[in-house]
Each structure stands twice: as C-alpha cells, then as structure tokens.
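In UniProt numbering, the protein residues as written are 1 to 955.
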C-alpha cells in the first residue's frame with residue numbers, strides 16, 4: 001500500500017488488496033482486529049473502484065464495510081465508510097434512497113464527532129462529496145451550496161495541521177464552485193473556482209509528486225475553458241490547453257489516467273478549432289487524441305461513453321468543415337454505442353447523449369435530405385427532453401432545434417413549450433434579481449421566435465401564451481409573490497399564512513442578498529454562501545407550498561402561467577391590447593379585443609426585424625445628435641443640448657412605423673379618427689420595438705400631419721398579465737391614503753441644475769390645493785430618502801421632478817436623484833406599496849429600456865408598476881425643463897377637472913392616460929406655434945423630439 005501511495009501504480013494496489021483479503025480470512029469474527037481489517041479492505045476496494053469502476057469491487061467493498069459496521073467494535077467511524085458505499089451504489093443502480101441514506105449517515109457522523117477530533121474535517125469533506133454527488137444528479141442548488149460551505153469549514157478546521165488535507169479540501173471548494181456554475185451560469189462562481197484553484201496550484205509549482213496535483217490541474221484547466229466560452233478571451237483558452245498539455249506530457253506510457261488526459265486535451269482543441277476554423281486542430285483532436293483515448297479505455301470503464309461522445313463531437317466538427325459524410329456516419333455509430341453503454345434511465349448523461357445523437361441525425365438529414373434521418377432526429381430529441389436530468393442551456397438548445405426542424409405542428413408546440421419552460425427554470429426564485437437579469441440577457445430571443453412560429457402556423461393563442469410566459473419574467477415572479485391570498489385564507493388559513501411568510505422572505509432575499517465578490521475575505525464568502533443556501537431552501541419550500549395549494553379543489557391553477565383563454569376573459573371593457581412581435585421569421589400583431597373570444601392575428605408584411613433595428617438605430621443616433629442623450633446640457637433644459645439637423649430621419653422613422661405597423665392595426669380594428677371620444681389602446685411591443693415611439697407614429701410635415709394621436713389614447717404595458725392584474729383588482733383607493741405627494745430636486749450635486757422643477761411642483765401644488773386635494777410638497781434637501789419612502793406609503797400618488805438615472809447592468813439600482821441621496825428602484829420595490837395608484841416621473845429616460853434585456857422592461861416606469869403603482873407617466877428620453885412645467889400644468893388641470901364629484905380630498909389617477917394625451921397635444925401645439933413664428937422649417941424634427949418622450953404605462 002505504501003508503494004501505491006508513492007507511485008500510484010494499480011498493480012501495487014492489487015497486491016495490497018490481495019494481502020488484506022488473506023488477513024481478513026485468517027481473522028476470526030470475534031477477534032478485535034476483524035472489524036478493523038474489514039474496514040481497511042473496504043477502503044482499498046473503494047480506491048480501486050474509484051479508479052476502475054468495476055462493479056465487483058463495489059459489491060465487495062459494501063460487503064466489507066457492512067461486516068465492519070456489524071462488528072461494532074470500532075465505534076461510529078464505520079458509518080462514514082458505509083456512507084461512501086451507499087453513494088456508489090446510487091451511481092451503479094440509480095437509487096436515490098441510497099445517497100439520501102448515505103447523507104443521513106454522514107450527517108450523524110459529523111454530529112457525533114467533536115470539532116477538535118483529528119478526523120472531523122475528513123467527515124466534513126465526505127459529507128460535502130455526498131452532497132455534491134446528489135447535486136450532480138438532481139441539480140438542487142441547496143446541495144452544492146452546503147457542500148461548498150462544508151469544504152470551507154474543513155479548510156478552516158485544518159489550519160495549523162498537515163497541509164495535504166487542507167489542499168485537497170481547497171480543491172473541493174474550487175470544484176464545487178465550478179459544478180455550481182454549470183447550473184447557475186453565474187460568472188462569479190466560475191471566477192471563484194479559478195481563483196481558488198490558482199491559489200492551490202501556485203503554492204508550490206514544482207510539486208508534481210503530490211497524488212492530487214493532477215486532479216487540481218484538470219479542474220483548473222476545465223474552469224479556464226468554461227470561462228473562455230463566456231468571455232471569449234483567448235488567454236483563458238490558451239491557459240487551459242497549456243495546463244492539459246502539461247498533464248499529458250507528464251504521463252507515463254502505462255498510466256491508466258492517460259486516456260482521460262488525452263480526452264480532455266482533445267476537447268479543448270476542438271473548442272479552439274471551432275473558433276479558429278483550424279482543420280489541423282480538429283484533425284489532431286479527432287483522429288489523434290480522442291480516438292487514442294477511446295482505444296485506451298476498457299469496455300467496462302464508466303468513462304468510455306463520455307469519450308465516445310467526445311470523439312463523435314470531434315467528427316461532427318470535422319464534418320461541418322470538410323463535409324465528408326463518413327465523419328457524421330461514424331459519429332452516429334459512436335453515439336449509439338455510448339447510449340447502449342448507459343442503459344440506466346437514471347444516468348444523468350443519457351439526455352445529453354440523446355441530444356448529441358439528434359444533432360448528428362439532423363446534420364445527416366440536412367446533407368442527404370432523407371426523411372428517415374429527420375424522424376430519428378425527432379425521436380432522439382424527444383428522448384432527451386423526456387429526461388428529468390437534462391436541464392439548463394443544453395435542454396433549451398435541444399428544444400429549440402427540435403422546434404425548428406420537425407415537420408409536425410404538435411411536435412413544434414411541445415418543443416417550444418419545453419423551451420419556454422427551460423427559460424423559466426434557468427431564472428428561478430433561488431437566484432437574486434440581479435442574477436436573473438444576467439441570465440435573461442442571453443435568453444430573450446426564445447419567446448419571440450416561438451411566437452413568430454405560432455403566428456406562421458395559425459396559432460395566435462400560443463403566440464400570446466409564449467410571449468406572456470417567456471417575457472417580463474422577473475416582474476412576473478415578483479407579482480406572484482405578492483398575490484392577494486384572501487380566498488386561500490378562507491380555505492386554509494395556516495397554509496395561506498405560510499405562503500405569505502415565505503413569499504415575503506423570498507422577495508427580500510431576491511432583492512437584497514449580496515453577491516460574492518472575488519476578493520472578499522473568506523469569512524464573508526462563507527457567510528454569503530450560508531445566505532445563498534437559505535435562499536435556495538426558501539425557493540424549494542415555495543415550490544412545495546404551491547404543490548400543496550394546487551391540490552385543493554378549485555386551486556389547481558394557483559399561480560400557474562395564465563392561458564390565453566383566461567386572459568381574454570379579463571380584458572378591459574373598452575379598448576384593445578396590441579402585442580407586436582418582431583423576429584426574423586416574421587413580424588406580427590396579436591390584438592386582444594373584448595368580446596371577440598380569441599386573439600386577432602394581424603400580419604405585418606412590410607416590417608422586418610432588420611428594419612426595426614434600423615429604425616431604433618436612426619432614432620438613437622438622432623437623439624444623441626440633438627443632445628437628448630447628452631450629459632453636457634444647458635441649465636434651462638433637462639438633458640437637452642443644441643443641434644441643428646439638416647435631414648429628417650426621425651420623420652422617416654415615424655412614417656415607417658405608421659405605414660408598416662400602426663395604420664394596419666387601426667384599419668384591422670376599424671378604429672376611426674375622432675375629435676370627441678378617442679379609443680384606448682395599450683401597446684405591448686417586444687424586443688427592439690420596445691425602443692420605438694409607437695404612440696407617436698405618423699406622417700408629419702410643415703403643412704399638416706396624420707398620426708396616432710388622431711385615433712387613440714395610447715398607453716404601454718410590459719405584458720398582458722400585468723395590465724389584466726390591474727383590471728381584475730381595480731379598487732377604490734383607501735381614503736386615508738388617497739392623495740398626492742410632490743417633490744422637486746433642482747440642485748443635485750454632480751448634476752445640471754433644473755430650476756424649472758420648483759415652478760413645476762409649485763404649479764401642481766397650487767392646482768391640487770385649489771381643488772381641495774390632500775397634497776404634500778417637500779422640496780430639495782428637506783427630503784431624505786427614508787422620508788421619501790415613508791411618504792410614498794402614506795400617499796397613493798407621487799410626482800417626482802428630478803434627475804433620473806438608469807442602471808443597465810443592475811436594473812434595481814436605477815434611481816431617482818434626490819439632493820440628499822439616491823432613491824433606488826430596489827428600495828421602492830421592497831416597500832410593497834399596497835395603496836399605490838399613480839406615479840408621474842418627470843425625470844429623464846424613466847421608460848428607456850436596456851438593449852440586452854429588451855423583453856424584460858427594465859426601466860423605472862415598469863419598476864414602479866411592479867412596485868404596486870397602477871399607472872405611471874415616464875419619459876423615453878431627456879425632456880426640456882420649461883416644457884415639463886407646461887405638461888404638468890395641463891396634465892393635472894385635466895385630471896382634477898375630470899375627477900368624480902364624490903372624490904372629496906382624494907386623488908384619482910384613473911384618467912391619467914387621457915390627461916397625458918391632452919397635455920401632450922397642448923405641448924405639441926405650443927411648440928408648432930413657436931416654430932412657425934421663428935420660420936425655421938428644419939426644426940420640425942427636433943420639435944417632434946420635444947413632445948414625443950412622454951409616455952403612459954398601466955391601466
């Protein structure tokens with residue numbers, strides 16, 4: 001055994017096992033040494049099983065440790081050995097009860113052992129390994145979070161002791177973070193893995209004798225490779241390849257690990273080939289290294305299927321380069337062999353193998369046109385998606401590929417259902433809101449493609465559902481946590497109370513939990529890991545409560561995504577919701593009309609996704625050119641500089657939106673021009689269309705115009721369900737809270753002075769006071785952030801005249817600037833404003849979206865809706881200070897004049913959309929009059945940009 005520990009040679013281990021078998025057989029069962037020798041034999045068999053994976057070793061080692069445990073002569077330490085065998089029994093037979101039992105045994109062992117005991121950190125490590133094994137099977141983040149925490153405790157316990165165990169535990173921390181990254185796709189987890197492993201390896205770069213060094217290098221190389229796929233920084237890929245080549249070069253000819261090292265290097269070369277297009281790399285990876293790795297791997301080795309899949313992948317890449325049909329045919333044979341070698345349905349690899357096979361059948365179908373291959377592709381993808389262990393980005397990719405290439409409509413629908421489901425699972429409630437937004441940046445295209453496909457196949461109802469279920473996910477999740485529970489309370493008060501409690505705690509965790517930073521002290525990281533683990537437990541409990549509530553008759557759909565038929569049943573009694581989807585497959589409107597019974601599909605044949613992107617780019621460029629997105633501004637304007645344009649590209653954009661989008665919708669809905677009672681429309685644009693002013697589309701010239709304003713009163717809604725939630729729960733504002741809170745912030749340090757805000761708020765205050773409305777005005781430095789939040793709870797409506805700042809990277813840190821500090825959206829969200837009615841954000845860019853999250857409505861206006869406000873006025877870009885005063889005067893005068901007689905001292909924002917429509921028309925008329933007096937026709941474009949930014953959101 002000593003020789004094996006020094007050399008790592010399997011024959012030495014075989015000899016040690018043979019000797020210990022003889023010793024056990026020669027020892028009577030009542031001998032004090034019997035249990036000790038059985039335990040040692042079990043440990044040796046465990047080492048060999050870990051190396052070779054022979055089922056006979058597994059059976060023998062379980063038998064040895066069971067006999068040792070039955071002897072009960074060496075205390076509870078044998079519980080730990082039994083736990084390991086139970087873990088491997090799971091891997092061999094697929095029984096979840098074995099690993100659960102092993103974890104329970106190990107927990108008992110940790111509990112029974114003093115922290116001062118020399119084996120205590122070893123027991124922590126073993127429990128961590130078991131939890132990580134369960135995580136790899138079921139992807140429960142609570143398991144990996146606890147495992148990492150245990151490894152960190154193990155390192156802490158080992159301080160001042162022999163370094164070997166401490167280094168192994170440190171490696172486990174790095175490996176744990178890397179495993180966690182595979183599910184969370186959170187870059188900080190990957191950075192933490194690399195940082196931890198680099199510290200470990202760099203302690204003594206010359207140390208190549210330690211038996212664990214090779215494993216550390218392997219994990220580090222894999223982590224660098226993973227980070228390369230995120231950052232595309234070639235230094236990461238080069239570092240990964242360099243480490244793997246070092247491992248291969250240090251391998252002796254008869255080393256059993258040679259095949260694994262060759263396989264790992266081939267995978268990295270395949271990645272580099274995909275990036276560079278190098279046939280030399282893929283030939284070396286596929287023919288030389290990967291094939292040799294397969295040849296060196298015994299048939300009974302559990303790693304063989306993985307190596308077959310890797311070789312098939314290399315051949316697949318080469319096929320895409322050279323188009324040699326022999327490569328893809330061999331790849332299919334290898335993949336079928338790998339699947340045959342993993343017959344256990346509980347093997348988490350099977351779903352991935354099936355998806356790889358499907359991809360090869362698809363390639364061959366596209367190359368040969370044979371329908372047989374397409375049928376096999378569908379069968380393989382369906383098998384992959386049927387696996388409960390096939391999750392995350394790979395599941396999403398497989399579902400989309402199936403949807404794109406199958407020929408049956410029912411299969412397409414099932415595939416996109418799976419794709420949308422995968423998206424929602426990838427941004428779960430166990431993550432912080434910031435983490436969810438980070439993941440959604442790469443997922444926004446999926447619901448748009450699904451909806452475009454549904455419209456092409458005559459299923460606008462599915463288009464509505466997929467857009468609703470796959471967009472505005474974070475706001476929808478938050479809304480679900482704030483669902484009124486009165487009905488559930490009447491049926492099961494105890495359940496309703498726990499649902500309420502868990503929802504509040506989940507919301508707080510998502511909004512406030514801090515992220516681990518790379519250079520934090522280790523103690524802080526451990527503390528944040530504990531918070532993450534608690535957060536994950538809450539998310540799991542939330543799912544359990546949903547299952548319990550849905551088991552109650554009548555609550556089967558409790559907090560489930562809303563089907564299209566239900567959406568249609570709760571439409572506003574007047575007006576239409578107009579959903580506009582733009583994708584390369586086609587552009588469409590799905591209109592929801594009360595009383596129609598089904599969605600109305602309106603194709604937009606003249607609009608394309610490339611055109612929509614062009615319009616957004618033109619508008620953005622002109623806004624910068626005119627100074628509407630310029631930080632160097634005049635004191636008399638809120639972010640507006642001076643620029644004389646010589647072309648009319650904004651006119652071109654507005655005309656294109658009118659001709660290609662808005663006018664076809666108005667015609668299809670038979671909405672006429674009206675000077676008396678205007679129709680109400682809620683625009684719900686998706687993707688890049690979210691950045692375009694649909695509410696101002698029209699044909700404008702110096703001699704006259706035709707535009708949306710002549711036909712409808714426009715509002716926007718981030719999603720259909722967010723609007724219908726307000727329709728269903730429309731209620732009278734609590735009289736004690738009904739009122740208007742006003743604040744102006746003209747002199748915020750570091751920002752341009754906006755003196756017009758004082759006149760604006762004074763004007764509103766005068767209008768409200770004259771009408772007897774309950775109103776409070778707090779100006780400038782007299783208002784602290786805490787006081788502001790308090791007044792927002794005490795008054796149903798608010799008006800902010802100030803600077804606004806949007807944070808594209810962390811949307812919850814978007815803020816309204818007060819002289820005493822920043823009022824962040826996250827702070828407002830935490831308040832859960834139950835009596836909120838209306839908010840007027842007279843600040844710059846409070847409804848400007850974020851390009852990478854164009855389906856998530858990550859702007860202040862949508863955030864105020866999510867915080868509880870039923871209607872919000874915001875701005876798409878910077879507004880002129882003097883115009884804000886006029887708009888506020890016309891807006892509030894209209895609102896006060898049209899409120900119900902019985903309103904008393906309360907404030908009612910229900911007609912805010914009409915009030916904004918009126919105020920903007922008044923502003924436009926004043927701007928046009930002034931332009932005509934000056935006689936400068938080239939100012940038409942800029943004059944439009946002065947009134948267009950004002951927008952209304954909500955009911």
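We treat Cβ as the ideally placed atom computed from N, Cα and C, and that holds for glycine.
Check your understanding: Candidates 314, 738, 924 and 804: which alpha carbon is nearest residue 837's?
Key -> Looking at the Cα atoms, 738 is the closest of the given residues.
**Study point:** Residues near residue 864 in its chain [Cβ-Cβ closer than 6 Å; skip 5 each side]
**Key:** Cβ neighbours of residue 864 beyond the five flanking positions: 839 and 872.
Exercise for review: Below 8 Å on the Cβ atoms is my guess for residue 1003 versus residue 819; work out the distance and round it to an integer in Å.
Suggested key: The requested residue 1003 does not occur in the structure, where the chain is confined to residues 1 to 955.
Review point. At which residue ranges does the stretch 749-806 contain complete beta strand (DSSP E) runs of 3 or more residues, listed in the order of the chain?
Key: You should have 775-779, 797-801 and 803-805.
Check your understanding: Thinking just about the alpha-carbon of each residue, which of 510, 266 and 783 is nearest to the one in residue 821?
Key -> For the options 510, 266 and 783, the alpha carbon positioned closest to that of residue 821 is the one of 783.
Review point. Can residue 728 and residue 870 be called in contact, C-beta distance under 8 Å?
Key: For residue 728 and residue 870, no; Cβs fall outside 8 Å.
Review point. When the distance is taken between beta carbons, is residue 294 closer than 8 Å to residue 307?
Key: With contacts defined as CB atoms closer than 8 Å, residue 307 and residue 294 qualify as a contacting pair.
Point to revise | CA-to-CA distance, residue 750 to residue 575, given in whole angstroms | key: Roughly 44 Å separates the two Cα atoms.
**Study point:** Nearest candidate by alpha-carbon position, reference residue 406, set 794, 373, 436 and 212
**Key:** Ranked by Cα distance from residue 406, the options 794, 373, 436 and 212 are led by 373.
Practice item. Tell me whether residue 406 sits in a helix, a strand or coil according to DSSP, three-state version. Key: Coil.
Exercise for review: Name the two residues that bound the continuous beta strand (DSSP E) containing residue 729.
Suggested key: It is not in any beta strand (DSSP E) - residue 729 carries neither H nor E in the DSSP assignment.
Check your understanding: By DSSP, does residue 706 sit in helix, in strand, or in coil?
Key -> DSSP places residue 706 in strand when its eight states are reduced to three.
Practice item. For the stretch 593-603 and the stretch 652-669, state whether three or more C-beta atom pairs, one from each stretch, are separated by less than 8 Å. Key: Using a Cβ-Cβ distance cut-off of 8 Å, the stretch 593-603 and the stretch 652-669 are in contact, since at least three pairs of beta carbons, one from each stretch, lie closer than that value.
Review point. How is residue 928 classed by DSSP in three states: helix, strand or coil?
Key: Here DSSP, grouped into helix, strand and coil, assigns residue 928 to helix.
Check your understanding: Are the beta-carbon atoms belonging to residue 499 and residue 488 less than 8 Å from one another?
Key -> Their beta carbons are under 8 Å apart, which means residue 499 touches residue 488 by this criterion.
**Study point:** Span separating the alpha-carbon of residue 556 from that of residue 464
**Key:** Cα to Cα, residue 556 sits roughly 21 Å from residue 464.
Exercise for review: Give a yes or no on whether the C-beta atoms belonging to residue 560 and residue 495 are separated by under 8 Å.
Suggested key: Cβ distance not < 8 Å, so residue 560 and residue 495 don't count as in contact.
Practice item. Between the Cα of residue 286 and those of 277, 312, 298 and 303, spot the shortest distance and give me the residue it belongs to. Key: Nearest C-alpha to residue 286: 312.
Point to revise | For residue 331 and residue 302, the rounded distance between their alpha carbons | key: Straight through space, the alpha carbons of residue 331 and residue 302 are spaced by roughly 19 Å.
Exercise for review: Would you please state the rounded distance, in angstroms, between the beta carbons of residue 125 and residue 169? I believe it to be under 8 Å.
Suggested key: For residue 125 against residue 169, the beta-carbon gap comes to about 6 Å, under 8 Å, which counts as contact.
Review point. How many Å lie between residue 430 and residue 677 at the Cα?
Key: Rounded to the nearest angstrom, the gap between the Cα atoms of residue 430 and residue 677 is 48 Å.
**Study point:** Same chain, Cβ closer than 6 Å to residue 948, five either side skipped, listed in chain order
**Key:** Within the same chain, residue 948 has close Cβ partners 693 and 696.
Review point. Among the residues of its own chain, which have a CB less than 6 Å from the CB of residue 357, if the five just before and after it don't count?
Key: Exclusion of the five residues before and after residue 357 leaves 335 and 380 as the residues of its chain whose Cβ lies within less than 6 Å of its Cβ.
Exercise for review: Just mark residue 310 as buried or exposed, buried being the case when its beta carbon has 16 or more other beta carbons within 10 Å.
Suggested key: Buried.
Review point. Three-state secondary structure (DSSP) at residue 12?
Key: Helix at residue 12.
Point to revise | N- and C-terminal bounds of the alpha helix (DSSP H) containing residue 947 | key: Run containing residue 947: 940-947, per the alpha helix (DSSP H) assignment.
Practice item. Pull up the DSSP beta-bridge partners for residue 600, would you. Key: Looking at the DSSP output, residue 600 sits in a beta bridge with 591.
Point to revise | CA-to-CA distance, residue 607 to residue 613, given in whole angstroms | key: One C-alpha to the other measures close to 11 Å.
Check your understanding: Around the C-beta of residue 305, are 16 or more other C-beta atoms found within 10 angstroms, so that it is buried, or is it exposed?
Key -> Under this definition residue 305 is a buried residue.
Review point. So, do the stretch 752-772 and the stretch 696-712 have three or more beta carbon pairs nearer to each other than 8 Å?
Key: Counting Cβ pairs under 8 Å, fewer than three are found: no touch.
Exercise for review: May I ask you to report which of helix, strand or coil DSSP gives residue 581?
Suggested key: DSSP, read as helix, strand or coil, puts residue 581 in strand.
Point to revise | Closest residue to residue 144 among 179, 40, 17 and 188 (Cα-Cα distance) | key: The shortest Cα separation from residue 144 among 179, 40, 17 and 188 belongs to 179.
Review point. Is residue 224 helix, strand or coil when you go by DSSP?
Key: Three-state DSSP puts residue 224 in a helix.
Point to revise | Given 8 Å, three or more beta-carbon pairs between the stretch 414-432 and the stretch 383-392 | key: In short, these stretches touch, since the Cβ pair count reaches three.
Review point. What three-state label does DSSP hand residue 343 in the structure shown?
Key: Under the three-state reduction of DSSP, residue 343 is assigned to coil, being neither helix nor strand.
**Study point:** Extent of the continuous beta strand (DSSP E) to which residue 679 belongs
**Key:** For residue 679, the enclosing beta strand (DSSP E) starts and ends at 679-685.
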